[in-house]
Each structure stands twice: as structure tokens, then as C-alpha cells.
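Report on the following structure.
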Amino acid sequence: MVDPIAATSLLGHRPFFSSYNWLSTTQSMNRKDAISPSVRRWHVKKPIRSLTKAQAAELTREAHSYREEEQIPRGFRPGIDYGIDSRPGLWPPENKADNPALKNPLLRQEMMGCGWLGAIFEWEGVLVEDSPDLEKQAWLTLAQEEGKSPPPAFMLRRIEGMKNEQAIAEVLCWSRDPGVLKRMGSRKEEIHRALQGGMYRFRSGSQAFLNVLVHHKVPIALVSTRPRKSLERAIAVIGIEGVFSVIVTAEDVYRGKPDPEMFMYAAQILQFIPERCIVFGNSNQTVEAAHDARMKCVAVASKHPMYELGAADLVVRHLDELTVVDLKNLADIEAMEPELEVEMEAAAEDDRPPPTSVGVYDGFW
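The opening residue of the sequence shown carries number 1 in UniProt numbering; numbering runs sequentially from there.
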């Protein structure tokens with residue numbers, strides 16, 4: 001006769017107890033050589049826990065060896081050129097600004113200052129003053145011209161940061177014809193420019209912060225869902241031509257926020273991996289898009305209170321509150337260590353007391 005406890009340890013689950021097996025088990029437990037409850041629990045659970053621990057340890061070794069041998073950053077997309085070689089041994093990436101061929105040590109040290117991080121700025125509400133009422137009024141005017149129902153307030157909040165064509169087709173649902181979408185998007189921008197009047201001014205502290213970045217030779221990119229002509233005209237009016245190494249506009253991407261496409265494209269042109277880039281925005285949509293792109297985000301509380309932007313890595317009221325040291329700390333990825341969550345779970349499982357295994361006779365009641 002097979003002992004039910006031995007059958008439990010062999011099969012890995014509770015055996016079916018018939019009335020004959022129940023009686024036999026009861027008689028065997030009355031003998032002096034009956035197995036104690038602690039020994040029974042050890043026989044039942046120890047092989048299963050040992051197997052689980054062995055599998056967890058194997059998974060941990062595989063994950064650790066992958067991080068050490070391959071050394072490819074998390075979130076790395078093979079189809080995008082980040083300006084680094086994807087071969088093993090080049091992660092974290094080498095300092096892009098360092099040039100060992102330079103004989104002047106002072107010049108080499110100056111170039112190594114901030115050359116390994118990139119800054120990606122939004123335009124309205126971050127560098128220049130923004131009026132959300134103008135954007136709302138432009139959409140209401142366009143709806144009146146097209147004979148559409150005025151979009152409600154929650155819908156206008158939802159389309160913040162989107163491309164005009166994306167908002168019209170996916171949220172407002174006014175049309176899906178490409179020609180109509182292009183015409184409506186262009187008309188909406190014309191209405192916004194007329195309402196805005198072509199007047200731009202820096203937000204407090206923005207110009208001083210840009211001067212600091214330019215002084216420290218930090219590569220700067222500008223992203224916006226406005227048309228390129230409108231953005232270039234605004235940059236000329238405010239007098240900061242030549243500051244931005246990269247300008248990404250509505251013509252360069254298919255989708256706006258919260259899709260991270262704009263920020264990924266800017267990083268690709270800057271030839272930086274996403275972890276080396278810092279995004280400056282003023283909304284939770286920007287924070288979401290930046291984090292989806294594996295970038296750090298600094299939120300500027302221009303149209304939202306600071307407590308609503310808590311998901312950002314840093315929250316400031318004005319950009320001049322930041323220093324270059326803050327940016328270096330955000331972009332510092334040399335201290336990244338492999339995550340050993342599987343190993344931690346296995347260790348936590350070892351600390352738990354072994355559960356008891358109780359046999360129940362189904363036909364008793």
C-alpha cells in the first residue's frame with residue numbers, strides 16, 4: 001500500500017482519499033513509528049520550495065549575465081541610431097564630448113563638461129508665456145466656421161499637446177479625410193496666430209537658463225506641435241536664432257503627446273540615447289511621454305499647480321531655479337545596477353514559514 005504522504009510528495013498535490021485510504025491512514029498514524037507533523041510538512045513542501053528556489057536562482061543568473069555581457073540599455077530600440085555602438089562593453093556610453101586627441105588639457109576638460117547630456121524643451125509655457133484661452137478660442141472658432149458642435153471643456157483638455165490633425169480625427173471626430181484634416185489643421189493655426197498677434201515674450205528665468213546651457217555647451221533641442229514656419233517666426237521675433245541644435249515641429253512627426261515620438265526623434269537627431277536626455281515641459285502629458293521614452297522630465301508649473309505635476313523628476317516654477325549640477329544628477333546613469341527582483345522574491349520566500357498541509361476526507365460530511 002502506498003503511503004498518502006509519500007504520494008503527496010511524489011505527485012506534488014493532495015491525493016484523493018477514499019474511505020479505505022482514510023482508514024488505513026488513521027491506523028498508520030496511531031502507530032508509534034508514525035511520522036510527526038513537522039516531518040510531514042518537510043516532506044511535502046521541501047521539494048517544491050527547493051525547485052522554486054533553483055528556478056529563481058537560474059533566472060537571476062541569466063538576467064545578471066545578460067546585463068553584464070550584452071550591456072545594452074533598457075528601452076534600447078535597435079531601429080533607432082542613438083549615436084553609440086550597440087556592441088558589448090559600451091554601456092554606459094562613453095563621453096561623447098571627450099576627444100583624447102586634444103593636446104590641451106584645459107580645452108579637453110571644458111569640452112567634457114556637459115557634452116554627455118541633452119536638453120529637450122517645449123516652447124509655449126516653458127520658454128515663452130502661454131495663454132491657454134487662445135488655444136481654446138481657436139478651436140471654438142474653427143468649430144463655428146465648420147458648422148460643428150463646440151467641443152466641451154474635457155475634450156479640449158484631452159487634445160492639449162496633440163497635433164491638429166490627430167485631435168480632429170481621433171478626439172473631435174470631425175473628419176478622417178486626409179485633405180480635410182490638413183485644411184482644418186492649417187485653418188486652426190491661422191486663427192491662433194491671428195488671436196495671438198505675433199507677440200512673444202520669455203517666461204521669467206527662461207532666457208537666463210538658456211544662456212547658462214549655451215555657456216556650458218549643452219546641446220539643446222526644441223519640440224512643438226506648431227508648424228515649422230510659425231515656430232521659426234516666433235524664434236526670430238524673440239531673438240534666439242542659433243540656440244537650438246535641433247528643432248522638431250508638426251511636420252516631422254505623425255503623433256503628438258502623450259506619444260513620445262517627438263522626444264525620441266529629437267534624441268535621435270542629437271545622437272543621444274534617451275537616458276541621457278532631459279525633457280522640459282509644463283503638463284502631465286509631457287511627463288508621461290518623456291517617461292515612456294525613458295527620459296527624465298523637469299516640469300514647469302506655468303499653467304498647473306506644482307502638486308499636480310508630482311510625477312515629474314523635478315518640479316520648478318521658473319527655469320532659473322535649476323543649476324547645471326541638477327541636470328548632471330538627472331542624466332547620471334553610471335550608477336545604474338542590474339535589478340535582481342527575482343532573487344529578492346526568492347529570498348523573501350525562504351523567510352516565510354512553511355504552510356501546513358491538511359488532508360480532508362470529502363465523504364466525511
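Here a beta-carbon is modelled for each residue, glycine too, at the ideal position from N, C-alpha and C.
Assigned exposure category for residue i - 16 Cβ within 10 Å defines buried
i, result
"residue 199", "exposed"
"residue 339", "Confidence in residue 339 is poor, its pLDDT being 45 and thus under 50, which makes the residue's placement unreliable; the coordinate value appears in the next sentence. Result: exposed."
"residue 302", "buried"
"residue 230", "buried"
"residue 190", "exposed"
"residue 325", "exposed"
"residue 121", "buried"
"residue 186", "exposed"
"residue 306", "exposed"
"residue 237", "exposed"
"residue 211", "exposed"
"residue 282", "buried"
"residue 138", "buried"
"residue 169", "buried"
"residue 274", "buried"
"residue 179", "exposed"
"residue 153", "exposed"
"residue 101", "exposed"
"residue 366", "Limits of the chain in this structure are 1 at one end and 365 at the other, which puts residue 366 out of reach."
"residue 194", "exposed"
Neighbourhood of residue i by C-beta, 6 Å cutoff - its chain only, sequence neighbours within 5 removed
i, result
"residue 63", "Caution is warranted here: a pLDDT of 44 is assigned to residue 63, below 50, making its placement in the model unreliable, and no coordinate value can be reported."
"residue 260", "289, 292 and 293"
"residue 318", "204 and 205"
"residue 296", "278, 313 and 330"
"residue 264", "293"
"residue 285", "161, 257 and 258"
"residue 308", "none"
"residue 228", "249 and 251"
Beta carbon of residue i nearer than 8 Å to that of residue j
i, j, result
"residue 269", "residue 300", "no"
"residue 226", "residue 208", "no"
"residue 256", "residue 161", "yes"
"residue 369", "residue 188", "Here the chain covers residues 1 to 365 and nothing more, so residue 369 does not appear."
"residue 266", "residue 287", "no"
Neighbourhood of residue i by C-beta distance below 8 Å, restricted to the same chain and skipping five residues each side
i, result
"residue 196", "131 and 134"
"residue 119", "213, 218, 219, 220, 221, 277, 278, 280 and 327"
"residue 316", "298, 299, 300, 301 and 322"
"residue 182", "165"
"residue 202", "127, 128, 129 and 238"
"residue 158", "171"
"residue 140", "150 and 151"
"residue 304", "282, 283 and 284"
Integer-rounded CB distance, given that residue j should sit under 8 Å from residue i
i, j, result
"residue 127", "residue 278", "Not a contact, Cβ separation roughly 14 Å."
"residue 223", "residue 262", "4 Å"
Same chain only: Cβ atoms within 7 Å of residue i, ignoring 5 sequence neighbours per side
i, result
"residue 235", "241"
"residue 320", "205, 208 and 209"
"residue 103", "none"
"residue 243", "210, 214 and 220"
"residue 253", "261, 262 and 265"
"residue 192", "134, 135 and 138"
Cβ of residue i within 8 Å of any chain C Cβ
i, result
"residue 303", "Looking at the structure shown, chain C is missing, and only one protein chain is on hand."
Item to check | Three-pair Cβ contact test at 8 Å for the stretch 169-180 versus the stretch 146-161 | outcome: yes
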